Structures are given as C-alpha cells and as structure tokens.
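Report on one structure; see the data block that follows.
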Amino acid sequence: MNNKEPLIHITRRADIGWKKAWVIRGAAIITALIISAIAVTLATGLDPFSVYGKMFEGAFGSPRKMWILGKEIAFLLCVSLALTPAFKMKFWNLGGEGQILIGALVTSAIMIYVGESLPNGALIPLMFIAAAGAGAIWAGIPAFFKAKWNTNETLFTLMMNYVAIQLVAYYIIIWEVPKGSGKVGIINQDSLAGWMPDLAGQKYLFVILLVALMTIGIHVYLKYSKHGYELTVVGESRNTARYVGIKVDSVIIRTLLLSGGMCGIVGWMMVSSTDHTITTTLAGGRGFMGIMVSWLAQFNPVAMIFASLLLVFMQRGAAEISTAFQLNQSFGDIITGIILFFLIGSEFFINYRIHMRHKEKEGTENV
Amino acid sequence: GGGSSDSGSSASSNEGKIKAGFICLHDENSTYDLNFINAAKEACEELGIQYEIKTNIPEGQECYDAAAELVDAGCGIIFADSFGHEDYMIQAAKEFTDVQFCHSTGTKAHTEGLDNYHNAFAAIYDGRYLAGVAAGMKLNEMIEKGDIKADEAKIGYVGAFTYAEVISGYTSFFLGARSICETATMEVTFTGSWYDETAEKEGANKLMNNGCVLISQHADSMGAPTACEKKGVPNVSYNGSTVEACPNTFIVSSRIDWTPYYKDAITKAMNGEKIDADYTGTLETGSVQLTEINEKVAAEGTADKIKEVEADLKAGKVHVFDTKTFKVEGKEVGEDHKADVDTDKDYKPDTEVVKDGYFHESEFRSAPYFDLQIDGIKLLDTKF
Amino acid sequence: MDQLAGPAGAGPCLFLTKGGLLLENKTAAVSMRGITKTFGSVVANNNVDLDIYKGEILSLLGENGSGKTTLMNMLSGIYFPDEGQILIDGKPVTISSPKEAFDFGIGMIHQHFKLVDVFTAVENIVLGLKEEGKLDLEKAAKRVQDICDNYGFDVDPKKKIYDMSVSEKQTVEIVKVLYRGADILILDEPTAVLTPQETDKLFAVLRNMKDDGKAVVIITHKLHEVEVLSDRVAVLRKGENIGQLITKETNAQEMTNMMVGREVTLNINRPEPLFSSPRIRIEGLNVKSDDGVMKLKDVSFTANAGEILGIAGISGCGQKELLEAIAGLQDVESGSITYISDDGSREELIGMDPQKIADKGVALSFVPEDRLGMGLVASMDLADNMMLRSFRSGKSMLTDRKAPRALAEQIVHDLEISTPDINTPVRKLSGGNVQKVLVGREIASAPTVLLSAYVVRGLDINSSYTIYDLLNQQKEKGVAVIFVGEDLDVLLELCDRILVLCDGRVSGIVDGPTADKHGVGMMMTSLGGDHMDGGEMHE
Amino acid sequence: MFDIATFLSRAVVQSIPLLLGCTGETISEKSGSLNLGIPGVMYVGGISGVIGAFLYEQSSGGNMNPVLAILIPMLACLIGSLLMGLLFSFLTITLRVNQNVTGLAMTTFGVGFGNFFGGSLIKLTGSDVPSIALSKTSHYFSKHLPFADDLGWVGKIFFSYGFLAYAAIAIAVITAFILKRTRTGLQIRAIGESPATADAAGINITKYKYLCVCIGCMIAGLGGLYYVMDYASGVWSNDAFGDRGWLAIALVIFTIWRPNIAIFASILFGGLYILYLFVPTGSNLAVKELYKMLPYIVTIIVLIITGMRNKRENQPPESLGLPYFREER
Ligand SMILES: Nc1ncnc2c1ncn2[C@@H]1O[C@H](COP(=O)(O)OP(=O)(O)OP(=O)(O)O)[C@@H](O)[C@H]1O
Ligand SMILES: Nc1ncnc2c1ncn2[C@@H]1O[C@H](COP(=O)(O)OP(=O)(O)OP(=O)(O)O)[C@@H](O)[C@H]1O
Ligand SMILES: [Mg+2]
Ligand SMILES: [Mg+2]
C-alpha cells in the first residue's frame, strides 16, 4: 500500500494581506507578458518590446487616446458595476448585452419620435428614465420568473440578449436611412435633439464622470446599504433571508431592476452621449466582458476599475499593433487570454499554500 | 506587408506628400474589406506615401474616434469603407476642415456640401451585367444540353438588404443574363445582413430547392458559393474568385478595384486640387473588374462574348439599364420616372434619371440608386 | 516491536490504568503520534497521540471545537496532518485521500451528512465501490435490504435522500459503512439525530463489531451513551489529548471536568414560574406541507410568559411546522395564533411574515433546527450574522455596523465561543460554536417569545448546560420559551409543561415536574397516550 | 411551398454543432464544471482541424488517402480541444480558480486563436476571397450514403448527412446511457452534486473532473470541426461559426442535462434557427428579423413551463461552478 507522503500538499492560507497578494498578481502579469512576448516572437517574428511599446502607445499615446481609453473603461466598468449586485445575489445575469441594447433602443426611439417636439432639457432626462426603465424591465422579466418559479436565469437572460438583438434589428429596418440599407445612421445629426452636450468641451468627460459617481454609489450600495446586505443574504441563503423577514422575491426583482437599469443607462450613454446611433452590435460584447471584470475583481468596485483598465488596454493596444504591424487583431485576444489565465491562476497562490514533501523523517520514537 | 512603419522610410523624405489613413469595418479576413485593403496598399505604395490602416472599426462612434486619431497621426486624407461609417466621417469632416475625408459607398456628399467630404463608388452594374452574360451563356448551355427546359432557366440570387446597391446589382446581373438567355427568370432572397454564413447558405439552398439552376449573390460570406458547390449548381460570385473552394461550380466574379479611386483622390489632395464630391469608377478607369473565368464550368465562348459586350458597353452601344430591355408591372419606364438620389428618411424620389432611353445609374451620385422592381424577378422575402 | 509501558504504536501492548495495573492485552489498530493540524491561525490539533485498539470501542470526548472531528478526519483522509505520524497495524502510513483510508479499512460516518440528495439510498450506498460487472442497482438494493433486516434498520433503498428525514439519512449513513465493511470504524456524532430506539440498534451493531475484533471510535456529546457503550474514553481539550479514562472507572462528572478543565456542576434547575400569564394562544391550527401532507392537525395550546413549554415528539411529527408557523415562516391552512401582550392587547399573527410580526412590536426569537441553512449565513462573519436581526434598525439607507460588532464581541465573550476573531465566517466554526452564535444572537434581541428547536443538538455537555441556564434566565425575565427537544430526560428536567405531539396532533400536555418519562414516551407514539396516568391534561 | 423534408434535413444539419457542443458541456457540467469556454473550444476544435487538413492537403499534393484525410483533421481537432480542456481543468480543478472567469477568458482566447490562425492560413493561401478552402477534405467529411438520393424524402431526412452527424447522435446516446445507467455515470453525477460526498466515498475527484472536462471539450471541439468540414464545405472564414457555442451551453439547461433529449432539442433549435428562411414569402424584412427571435422565445417559454414543474432531478448539479477543496469547510 501507499506509504509515500504525497509530493506536494496544499492547504488553505489564512489571509495573506493585500500587499503580498498584489505582489503575486504583479508577478503573474509579468510572467504572462514574458510568455506572450515569446509567443509574439514565435508566431510573428516581431520584436516583442516594440510590440508592447506600440500597445502602450495605442492606449495612452495621446490625449485623445487617453480620452477614448477613459470612455471605453467607463462603459465596461459601468456594465460590470451593473452586473455585480446580481452576481452577489447569485443571480447569473448573462443578459447585460441585451439590457444595454434595449436601453439604447428606447433612447433612440425617443430621439427619433419625439426629438423634434421636446427641448433637450426635457428630452434627455426623459431618455435617461426610459432607458433605465427599459433595461430594468429587460432584467426584471427573468428576475420575476426566477423569484416566482425559480426559472433558470442563466439561460433566460442569455436568451433575452438575442431577443433584444432581434428587436433592435427589427427597428433598424423600420428606421433605416436610406431605406433598405440596414442602418439608422447618426440620429438627429443636424438638430442635435437628444444629444448630451459636451462637458467642458470634452466629448467623453460626462460619461467618465457619471460612471465614476456610479462606482462610488455601487460601492456604498453593496458594502454599506441595507439593500446591499439583504441581497447578499438572499444570495447566500434564501431560507435565512426568509427567516429574518427579508422578502426574497422582491429583493431579487429589485436587485435586477437595478442591474438592468444600469445597463440600460449604458445604452443611454452610448446613444445620447457618444455614438448617436443604434446597431445590433452597439453593446460590443461588454455584457460578457463585464462578467469577467466583475468576477476578476471579486465584486469589488474599486478593483473593477483596474480590471476594466486591463481589458480595455489590451483591446486598444491590440488595435494599435494590428495597425502598426499589420498583425491580425485577434492576436490581441490571444495575449489577453494568456494574461487572464495567469492572472486568475495566481489567485491560487494567494488563497492556498503549497507544502513540498517533508525531508526524510527519523523513525517513530518510542514513548 | 507594408504598414505605416515600413512604408514610412521610403516616403518620409518626399516633400509635399501626405499621409493617407484608412478605416475598415473588418480586417483582411473579410472579403469586403480585403478588397479595400489591397487597393489601399497598392495605391499608397505606387504613390510612395505613408499610410495607416485601422481595421475592425464598427459603424459607430469608434469610426469618428478612428478618424480623429488618424488626423492626430498626421493623415491629410482619410478613407472609410463601410456604408455605416458615413455619418461619422461627416462628423469628423466638419471638425477637421483641412483634412480630406473620402467615403466609399456613401450617398451624402452631394447634399452635405462640405468641401472636404467626398463619396465614391464604381459602375459595378457594368461588371454585374458582364457576369450576367456569363450566367446567360451557362443557362443557354444547360438548355442546349437538355439539362433544363428553356422555361426552367431560373436564377437564384442571395441579397443582403433591399437597398438600391443590391437591387441595382441583381437587376444588372439579371439583365445581363437575359440579354443572352431570353427565358431567364430570377428569384431573390434577402438575408438582412452583409455577412451571415448561415443565412446565405440556407438562402442559397432554399433557392436551389425552389428550382433555381444558377446562383449568384451579393453578400460577403462563402455561404452561397459553398452551398452551390455541394449541390453542383453553377455560381457567379462577387468580390473575388471563389474557384478554390468551388472548383466545380464557380464561373466568374465581378468586383470593384478601388486602387484607381484611391490614387486619384490622393493625388488630387497632394496637388491641392479639388476632389470630386462623387467619383464613379468605370470599366475604363479599371475600377470595374471581372476575375478570371473558370473555364471548367463556364460555357464555351464565354470569354469572347464577355469581351464583345464589354466593348459595346465601353462604346456606349449597350446600356445596362436600357428601358427597352425591361418592364415594370408590364410597362416600360418613362422619362418622368424619378429616383431617390438625395438620401432622406421618407424615401422620396427626387430626381429624374431616365434620359436617352436608359436609366442613368451612378451619375447623379456615385452610389447606385436604381431601385425598380422589374418584371421577371421575383422577390421572395419582401414587399415594399 | 514488543515493549512494555505504553502505546508504542505497534503490536500488542500492555496498557496502564489509573491504578497502574496492567489491564488487558490489546493490539493497536491505529496509532497517531504527534499529530498537529492548523487552519490558518487556528490550531485544531496540537501534538496529539492517540491509540485505537482492535476489539474496543473508544469514545472521543471534548468540547465543541476541541478538534475531535479534525483528528478523525485525518484518519479518514479528509485532512492531511501538518505534523505527526499515523501507524496502522504498527506500520507508518500516509493517508492522503479517503480512497486510501478506505483501502486501509477505515470507514467513517461524518458529522455532516455525506449524501447526494438527488440519489436514492442505494445509489448513495454503492457510490464509489469498485464492484465487478455492470452497475446493478436491483441487486445492491437487495443487499441493502438484507443488511437492514439483519440489523433491524429501516431504510427504503429506492427512496431519494431529499425525501428523507434526518434520522433516515443518518440510518443510510450507517448502512453505507455496514455495506462497505470496515475494520476501523469512526462515527462522528452519529446519534445526534437518531431516536433512542435507533440508537440502541446502532449500539448493538457496534458491540457486535467490537466482538469481531474491529476497532470502533465514536464521538458523542451524550455522556450516558459514552457510559453504556464505550470501553475507553479519550479526552481532547483545545486540540490536545489531555488523557484517557477507562469507562467503567469513571463517571459523567469526572469526564466533564476533564473536558472543560475545571469543576462544573451538571444539574438543571427549574425555577418556579413567576408570571404565567398567557402569551401565545394557538387554536385549531392546521398546516399542510408543500406536497400536500397535513403536518399539523387541529393543534391548540397556550404558551405562558415566564415558563418553558417543552414540545416532545418523534422527529417529523410537526414540531418544525409548529415553530415555523408561529414565526411566520409557514403557510397556515386554518386556525389562529394570537399574541397577547403584557397589557392584554392581542395580535393575530397568522398571515404575517417575520418582518410584519416584528413591526407589530412582537419580539419573537427563533432558533431553528437547521442553523446554517436557516438561522445564519454560513459565509458571513460573526459580526455580519449578528446584523441579520438588527440591520433594519434606523431610518438611514445604510446599515449600522458598530452595534453588531459589539454584540458579536460580547457573545463570543459571554458564551465562550471559540473563534479566532469576529471576522471569521461562521462556516469555519465547529458545530457547537455555530449554535452558540445563533442562540446568543436570538437571546440578545430581548424577546418576549423564544422558540427553539433542538438547541443543544451537537453541543457539548458544558455548552448544553450553559444554554439551559440561558433559557432559564429568559424564563425568569418573563419570556415565553418554547423548547422543542429530543432528549426526554432534559425535557422533564427543564420544562414547566410538556406538550406531546404525535403525527401532527396534540396527544397531551403534561406538567414537567410530575410527568414520567415512560408516559410521555407512550404519548409520542400513540395519540392521547391511551393509558396516561402521570401528569394532567390541559385544555 | 414549405418543403418539410428539406426543412427538416436542414434543421438536422444546423443541429449537429449544437448537439456536440451541448453533449460536451453536459458531461462537463455533470461533473460540476461550468465551462463557459465551450464557444472558444469549438473555435479551437474547428481551426485545429483546419490546420491539420491544410497541412495534409498541402503535403499530399492531390493524392489524398481517404482515411488519413479524415483522421488527420479529426486528430488535430481532438488534440486542440483536449489542450483547451486541459487548460480549463488545470486552472479550475488543480488551481481551483473561478470557473466563470476562466471560461470567459478561454472563449476570448479560443475565438482569438481561431481567427488568428485562420487569418494566418488565409494569408498563406493568398486566396482571392479571404477564406481557406479545403474542398477535398470536406468532400470526405460530407460524403453521405450513396442510396440516400434515391430514397426521396426518407433519404433526405435520414441519410443525407456526413458521418459526423451520425457520430454526434451516437455520442449523445452513449453519453446519456453512461450518465444514467453506469457506475461511471453515477460517480460523475455524484461529483457534480456533492464532491465532498463523492470524495469521502473514495472516488478520485480530480481524475474524473479532468476526464469529464477534457472529454467534454473534445466532443464540443468536434462540433467546430463538423461546422467547417461538413457544413461550411471545408471553408474556414473568420467568425463564421458565430454564437453557436453559447447556444450549445443554453441547450444544456434547456435539455435539463440529458443528452438524449438534446438530440431532439437541438433539431428543434436548429429548425427554429433557420425557420425565418422558410416562412412563406411576402413578409417584409423587418418581420423576418422578428422571426429570427423564435428560437429564443420558444426556449424561454419552454424554460418557464418546465421551471414551474420544478423537479429536484431537473435542477443543475448542486456543486456546479464551485471549486472543490477537500480541507475546505
Ligand atoms: N476546514 C476547516 N477550516 C477552518 N477551520 C477549521 C476547519 N475544520 C476545523 N476547523 C477549526 O478547527 C477547530 C476544531 O474543529 P473540529 O470540527 O475538529 O471540532 P470538534 O471537536 O469536532 O467540535 P464539535 O464538537 O463542535 O463537532 C475549530 O475551531 C474549527 O473552527
Ligand atoms: N443525464 C442524467 N443525469 C442525471 N440524472 C439522470 C440523467 N438521466 C437520467 N437521470 C436520472 O434518472 C431518473 C429517471 O430518468 P428519466 O427522467 O430519463 O426517466 P426514464 O427515462 O423514464 O427512466 P426509466 O425508463 O429508467 O424509468 C431521473 O430522475 C434522474 O435522476
Ligand atoms: Mg430623396
Ligand atoms: Mg465535530
């Protein structure tokens, strides 16, 4: 029979302290960069330093690039923030994509149908409310069924994405300019009805500030508010929640209204502040990226800023290297993947300790 | 490949030269964009100028961002390739007035009235017509061989949208085919997307099941050609040759070569000349091209016939949209017919386009506006 | 190896009793030497030596959190020791997985059920067995039936675990080890949820196994079980083995003192009720379970302020539904539950959820049976669990964190909860400590009605008495305490009155001081307790 | 006009990648691993097969051995997907990191990997339209039984597919059988429900989890291979595979973790997926977009109806998505 002590043995660590944890994560990213560098050279024959240099330049290279980076981070961060309360409640909201789109759709509809008849001062708040409401409803439907009949929300929310996409596709054809072209184009480009005015002359400042505020808001909401506490209890144990008189059904629905509403607001920001159009790909996969950000940051809004930064940096950097080196942009996804694998893998070393086999021990002593 | 960094060394010393920027919807793995990217590289390298290509730029604010970044990077002329980029290019053109913005397939330059914003397209209906001739030859051959009866010469066409560009495309293709095979008819199905392999493939399958004996398409994936290859139904392609994937069914393909336009616009920009608000490439400029014919599939004599008709087209002896060759609801189209040339929401026809016995396509603006539903073509999915 | 004096680990050895006499000649099946195991900052076992002999039943005693489960888990391959050596039949071995433990002939019934809920009993039993041929559940079911018949257990092999009561589940666990067979059998609190009859059957099995020369270790907090069953007792305190006793030569008091490390008194007092005004009046209560079975039938009684009302009954006869109905967690078919305040005003509780009940000023506390499943949030720390009751206080949108932290500190101190700090998730505490957290919190909310279900289940003897004291204190403060218990002795000693439930009906209410155990036992199984003589009927 | 036989046979063709993805994911989920990387795995499976086929077509110079022509891409596909499976297993089982993040990262990685190598090969071929055409290899993959064409609608519905389609159905049936009837299946299900219980029962959790994830990935990878080699006639175009990976994951829940049900569910789904192309003519394009909603709406409705009759057996495996560490309390 086996008499060997196993070569390695794993135990759970006590709290490692945030400093050490960040050292481990840093080391993971550096290792990943080295591995990716090797992959770059192997696959393309390019000098990895110039590739990384270009990526850096692509993300931070000019004030404009910084603004764009900021805007992209804001969008991704906002989606992640939106999804987080649901995740904390163990409600797998994979429907961010659809909730963003539906918010965008409603915003566009208002711009198109009542844009001419209302002043911006009334129109923009109306769009905001409608978009938040639409996103909230889009998330609220699966939440309602989850609360009442425990319907599987993972699949439900995923399907709602596609329903939203098709709904948008439908309206695009209704609104398309010119007819038959399958695109709506910039809405109210001349009248600017429903366009969020630039703040301090900066196109994206408003979005960035708004999301910064939302970050603080969600942080407080999750960590210090009664709602935040309730949803955590519901997520951990529905029975316990019932036991202390938390209305589980309404907490589920309420939380998803918040989650979807925030996604809807992202849609609103895109249509009213930045893109001024609607397409089926407007959400751009942020509903899924947001999931990754939220988990990567372990639901901590502040850590989400860094996680979004990392992902957006990789995207922008990849776009730059594809321009500079005529390198297929998908290469960026590969590097992103590698970095993520190392980064998530490093969590192991933060949570667990590895013991190597003890040195040969002396024979058992007699008493 | 020669990106900005490579070509930079060869060109930076040249005074008076400008840098060109290109914005593409996808990258070189898309049929559609590859056409532009190749042209961009060729044009810039021939002119010896620096250039930068931004790929995978969606039809949204990203397009404006990309344009602005290209301006920052010192580009004096910027091109975009996708229809949905237009509004953002206009937005950028309004902001960066000393940079030239050129947009392929767009429709608004002639009405926007900006000095630095331009549209371009090609008289691809000529190319389609020629491809149609090849299709007609094939149909005739099939009839002769007894594979089909004369009244079974039904062509299937997979279109993306019910948009004038597509309508103009399949109509010219059909007219080309019918100029050779009088009994030809056509069925058209739309996918509602420029790229959807499944929809295009299943669309083509549906058409073949409906009895179509030859297929062509105006959409970007390999869905339709491969569906044809699987069933052994001849296919006339678009954008490039699909002979490798479809050795047994590919006949010929028409495509736009954007190099002449790029060279023209860049040269004008460098010389400080005015760039046309609308540029329409033609057979003569080399913008309208046919790929090599797949002799294995094409009917005998196809190449010669094409050459002949091409000469007639060039000489103005034949007009693709000759009003005598088609009818709409049994009636010939008169000179009072108006087309929707100025883009607007309500789809309101605004310009008289029939003169001298033919429909003047791509003259009042570069992008196609032929949108008549002619007899002999049955639209499967749409009612206007 | 053949030496005198002491558990050298291998081979037959001579064994010294308190008096220094050579007692018996036994062979150590397992010897643990210098075992240390830590979890983060918690030292669960510290340099423990322990021998387990063939043909002997060893009781492992210790307070909650003293490391009993941890020590045994290292034998069964669940945990791996940080330090120390395990010898089986004298040979040093490494047990790095349950599979290896199984190969060494070690079988363990775990403190928490290790059962797959959606499987049937027989699927659970054959799970992991390397049998020849294709999976034949019919055959296995027959064997299970045989084992049950043989030992007098009652298990339906085709029944799904999620349909089973806790005692049925425990029986499946027992049948599982019997089916698999083991030379060294470890049972971690197997009797906590068994009825006395089932316990007797189990003990009979264990004695048989002992006679077959197998080694048996049982962890239990019920000292009378230790006394009737085991040969030897090993006592753990704060992770250390502080000594062993021969069962025949010791008694409950000595064992308790050794466990706790000081002199403790082991009697329950029953102060005279001071108030005895009605507090909760229940009339004609009918409750149906989700699957349509009537769980309570026409239940009526009154619980008075300042008294402990015991509820006796075999498991699953409606206790849970009764408490949950009062607490507002159970839909009620018909009947009424009236709360009577000190000033005589009445409040109908039916139709209200716990929140509404609290809003009406009814201070109701509830210690449910399933602590981690209902009363607490396992992954939250002590402080956050304190907040469960108080988080709504105040008008602000935000929660007050200070008060619950202070409360957590205080409860840890008052109830001697063993935890590194109040930031530890309650999931990591040992079973007994989890219970103390819950009871502590419920009492801290100054209730007027305290509902408790099996409050001392899994608690060590000292903690149990602490809890009894706490209940008595509540009673003296004028709280109406409803105490659902399983140990009749305790019920009789503690309660002022005892309501006996049988299959959802009240079969009688007896006075605690005068009731007799046998009579109550009869009432539990047959309605109306046919030939009741002890105690009088109420209402 | 509505040609049932054609529609059905096209629905079946649509269903195969979904079925393979769904079966693979089911195996993985039954053992407790929620692999959201399946969309990426299917891309990797597809492109690996393409690379294998490409190399063989190039090296064989036209004289292809039918057995090798099938075997090489298939092996390449299996190896590619296996590596993805190992990656997921190592990260989530050995390193116990979060399955959601790992899966999503794998999807990012896998799609990128597919498109990158797809793009590189396309460049290599220098073809006029950016796609790799492996028509010869595809020919072997899509070959159907010779008599199918003579059997009319029967042939069309039952015999008109390439061998991978039948393999997919066989795999689903076998998987269902193993999960339901065998000791191995019992053990896998136990791990997914309660790894602590399975572990205490002496089952080698790590081994089974690795096996399930890896085999699951390999089966799913075949879905990608079927798509390029059979459905797309050997033409790899970037992103053509689309969202099918996600739909496959959705199907797992839809079929309540039963691969035998998945056979029919995926055909239903495949049918609804292309129904808009078959609906009677005359509808306008906008309405067509609404028709495209059908598969999703139907899924939601079925989900709600089955959800209302909530059976314990129809719930996700209890420990799905959770890491298992023996010493964890
Ligand atoms: N897996 C674990 N992770 C962290 N701490 C643990 C773990 N297992 C045990 N502990 C800690 O080790 C100590 C001993 O726990 P153990 O369960 O062995 O006690 P016990 O004697 O069995 O108590 P009880 O009688 O309540 O069952 C406790 O403080 C407990 O919190
Ligand atoms: N793939 C699976 N995963 C988990 N459990 C399964 C699976 N398939 C079947 N089962 C189990 O088997 C039970 C019966 O299976 P199912 O619902 O398919 O009924 P059935 O086919 O009618 O079975 P039988 O014919 O044996 O009565 C289910 O309740 C479930 O517990
Ligand atoms: Mg007009
Ligand atoms: Mg214990």
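Chains U, B, R and F, in that order, are what the protein sequence lines are.
In this text, residue positions in the first sequence follow our numbering: the first is 31, and each later residue adds one.
In this text, residue positions in the second sequence follow our numbering: the first is 49, and each later residue adds one.
In this text, residue positions in the third sequence follow our numbering: the first is 2, and each later residue adds one.
In this text, residue positions in the fourth sequence follow our numbering: the first is 832, and each later residue adds one.
Ideal Cβ placement from N, Cα and C applies to all residues, glycine included.
In this text the structure is predicted, and so the values were computed from the model without any measurement.
Self-check item: Minimum Cβ-Cβ distance from L23(R) to chain F less than 7 Å
Solution: Residue mapping note: residue 23(R) aligns to position 22 of the third sequence, counting from 1. With a pLDDT of only 40 at L23(R), under the threshold of 50, the placement of this residue in the model should not be trusted, and no figure is reported.
Self-check item: Within chain F, partners of V363(R) - CB distance below 8 Å
Solution: As a working mapping, residue 363(R) is identified with position 362 in the third sequence. Under the 8 Å cutoff, chain F gives no residues; its nearest Cβ is about 33 Å from V363(R).
Self-check item: Chain-ordered residues of the region 871 to 895 of chain F with a beta carbon less than 9 Å from chain U
Solution: G871
Quiz prompt | DSSP three-state assignment for S862(F), whether helix, strand or coil | solution = Here residue 862(F) refers to the residue found at position 31 when the fourth sequence is read from its first residue. In the structure shown, S862(F) sits in coil (DSSP, three-state: anything other than H, G, I, E or B).
Exercise. Give the straight-line distance between the Cα atoms of D52(R) and R406(R), rounded to the nearest whole angstrom.
Key: Here residue 52(R) refers to the residue found at position 51 when the third sequence is read from its first residue. Here residue 406(R) refers to the residue found at position 405 when the third sequence is read from its first residue. Between D52(R) and R406(R), the C-alpha separation is close to 43 Å.
Self-check item: Sequence-distant residues of its chain with Cβ nearer than 6 Å to V397(U) (five each side left out)
Solution: Mapped onto the first sequence, residue 397(U) falls at position 367. Any reading at V397(U) must be qualified, since the residue scores a pLDDT of 31, below 50, and its modelled position is unreliable; the value itself is stated next. Nothing meets the Cβ criterion.
Quiz item: For a contact meaning CB atoms closer than 9 Å, what does T1013(F) contact in chain R?
Solution: Numbered from its first residue, the fourth sequence carries residue 1013(F) at position 182. The contacting residues are K135 and L136.
Exercise. Grab the span of the beta strand (DSSP E) containing I418(R) for me, first residue to last.
Key: Counting from one through the third sequence, the residue named residue 418(R) turns up at place 417. Neither: I418(R) is in no beta strand (DSSP E) and is coded neither H nor E.
Exercise. Write down the C-beta distance between R263(R) and Q245(R) rounded to the nearest angstrom, noting that I regard them as a contact closer than 8 Å.
Key: Along the third sequence, one-based indexing puts residue 263(R) at 262. Along the third sequence, one-based indexing puts residue 245(R) at 244. About 19 Å separates the two Cβ atoms, so there is no contact after all.
Self-check item: Any C-beta of chain U under 7 Å from that of E1120(F)
Solution: For this step, residue 1120(F) is matched to residue 289 along the fourth sequence. Answer yes: the Cβ-Cβ gap between E1120(F) and chain U drops below 7 Å somewhere.
Practice problem: Could you check the C-alpha separation between E277(B) and N929(F) for me, to the nearest Å? | Solution: On the second sequence, residue 277(B) is found 229 positions in, with the first residue counted as 1. On the fourth sequence, residue 929(F) is found 98 positions in, with the first residue counted as 1. Each residue's alpha carbon lies about 45 Å from the other.
Practice problem: Please go through the same chain and pick out, in chain order, the residues whose beta-carbon is closer than 6 Å to the beta-carbon of W97(U), but skip the five residues on each side of it. | Solution: Your numbering for residue 97(U) matches position 67 in the first sequence. Here the set comprises Y234.
Quiz item: Between P349(U) and L73(B), what straight-line distance do the alpha-carbon atoms span, to the nearest angstrom?
Solution: Stepping through the first sequence from its first residue, residue 349(U) is reached at position 319. Stepping through the second sequence from its first residue, residue 73(B) is reached at position 25. Sequence check: residue 349(U) is Ala here, not Pro. If you take the alpha carbons of A349(U) and L73(B), they lie about 13 Å apart.
Quiz item: Which chain F residues are close to G215(U), counting only those with a beta carbon under 9 Å from its beta carbon?
Solution: On the first sequence, residue 215(U) is found 185 positions in, with the first residue counted as 1. Chain F residues near G215(U): none, gap ~17 Å exceeds 9 Å.
Quiz item: Taking 7 Å as the CB-CB limit, is K278(B) close to chain F?
Solution: Locating residue 278(B) in the second sequence gives position 230, counting from the first residue. Answer yes: the Cβ-Cβ gap between K278(B) and chain F drops below 7 Å somewhere.
Quiz item: According to DSSP, is K296(R) helix, strand or coil?
Solution: Within the third sequence, the letter at position 295 stands for residue 296(R). It is a strand residue.
Practice problem: Taking only beta-carbon positions, decide if A900(F) is within less than 7 Å of chain U. | Solution: Start at 1 with the first residue of the fourth sequence, and residue 900(F) comes out as number 69. So no, A900(F) is outside the interface.
Self-check item: Stretch pair the region 989 to 1005 of chain F + the region 297 to 308 of chain B: three plus CB contacts closer than 8 Å
Solution: no
Quiz item: Cβ of A212(B) within 7 Å of Cβ of T239(B)?
Solution: By one-based count along the second sequence, residue 212(B) stands at place 164. By one-based count along the second sequence, residue 239(B) stands at place 191. Not a contact, by the Cβ cut-off of 7 Å.
Quiz item: Quick one: is V207(U) near chain B, going by C-beta distance under 7 Å?
Solution: Within the first sequence, numbered from 1, the residue matching residue 207(U) stands at position 177. V207(U) counts as touching chain B.
Exercise. Enumerate in chain order the residues of its own chain whose CB-to-CB distance from P78(U) is below 8 Å, with the five nearest sequence positions on each side excluded.
Key: Working through the first sequence from its first residue, we reach residue 78(U) at position 48. Only S66, A67, I68, V70 and T71 meet the Cβ criterion.
Exercise. Indicate whether at least one CB of chain F lies closer than 7 Å to the CB of I468(R).
Key: If you number the third sequence from 1, residue 468(R) lands on position 467. Cβ-Cβ to chain F under 7 Å: no for I468(R).
Quiz item: Between E248(B) and the rest of its own chain, which residues show a CB-CB distance below 7 Å, the 5 nearest in sequence each way excluded?
Solution: Counted from its first residue, the second sequence places residue 248(B) at position 200. Same-chain partners within the cutoff: V206, T239, Q265, A267, S269, G271 and A272.
Quiz item: Taking 6 Å as the cut-off, does the CB of F40(R) come closer than this to any heavy atom belonging to ligand 1?
Solution: Here residue 40(R) refers to the residue found at position 39 when the third sequence is read from its first residue. Flag set: Cβ of F40(R) near ligand 1.
Self-check item: Beta-carbon proximity check, S862(F) vs Y1039(F), cutoff 7 Å
Solution: Looking up residue 862(F) in the fourth sequence gives position 31. Looking up residue 1039(F) in the fourth sequence gives position 208. Contact: yes.
Quiz prompt | Minimum Cβ-Cβ distance from L1116(F) to chain B less than 7 Å | solution = Walking along the fourth sequence from the start, residue 1116(F) turns up at place 285. Yes, its Cβ sits closer than 7 Å to a Cβ of chain B.
Quiz item: Can you list the alpha helix (DSSP H) stretches of 4 or more residues lying completely in the region 349 to 383 of chain U, in chain order?
Solution: 360 to 381
Quiz prompt | For V450(R) and R280(R), believed in contact at Cβ under 8 Å, the rounded distance | solution = Along the third sequence, read from residue 1 onward, the residue named residue 280(R) stands at position 279. Along the third sequence, read from residue 1 onward, the residue named residue 450(R) stands at position 449. With a Cβ gap of about 6 Å, R280(R) and V450(R) count as contacting.
Quiz item: What does I101(B) reach in chain U if we use C-beta pairs closer than 7 Å?
Solution: By 1-based counting over the second sequence, the position of residue 101(B) is 53. Simply T353.
Quiz item: Going by the beta-carbon positions, is the gap between I368(U) and V81(U) smaller than 7 Å?
Solution: Residue numbering aside, residue 368(U) sits at position 338 when the first sequence is read from its first letter. Residue numbering aside, residue 81(U) sits at position 51 when the first sequence is read from its first letter. Cβ atoms of I368(U) and V81(U): not closer than 7 Å.
Quiz item: Taking 6 Å as the cut-off, does the CB of Q112(R) come closer than this to any heavy atom belonging to ligand 4?
Solution: Locating residue 112(R) in the third sequence gives position 111, where the first residue counts as 1. Because some heavy atom of ligand 4 lies under 6 Å away, the Cβ of Q112(R) counts as near it: yes.
Quiz item: Taking 7 Å as the CB-CB limit, is E107(B) close to chain U?
Solution: On the second sequence, position 59 is the one that residue 107(B) refers to. Answer yes: the Cβ-Cβ gap between E107(B) and chain U drops below 7 Å somewhere.
Quiz item: Taking the DSSP output, what are the residues bridged to D382(R)?
Solution: Walking along the third sequence from the start, residue 382(R) turns up at place 381. The partner list for D382(R) (beta bridge, DSSP) reads P426(R).
Quiz item: Considering E57(R), what are the terminal residues of the beta strand (DSSP E) in which it resides?
Solution: Locating residue 57(R) in the third sequence gives position 56, where the first residue counts as 1. Taken as a continuous stretch (DSSP letters only), the beta strand (DSSP E) holding E57(R) covers E57 to G63.
Quiz item: What's the gap between the Cα of N242(R) and the Cα of N46(R)?
Solution: For the purposes of this step, residue 242(R) is taken as residue 241 along the third sequence, with counting starting at 1. For the purposes of this step, residue 46(R) is taken as residue 45 along the third sequence, with counting starting at 1. Taking the straight line from one Cα to the other gives about 9 Å.
Quiz item: Along the chain, which unbroken stretches of the alpha helix (DSSP H) at least 4 residues long are found entirely within the region 258 to 305 of chain U?
Solution: 268 to 273 and 278 to 298
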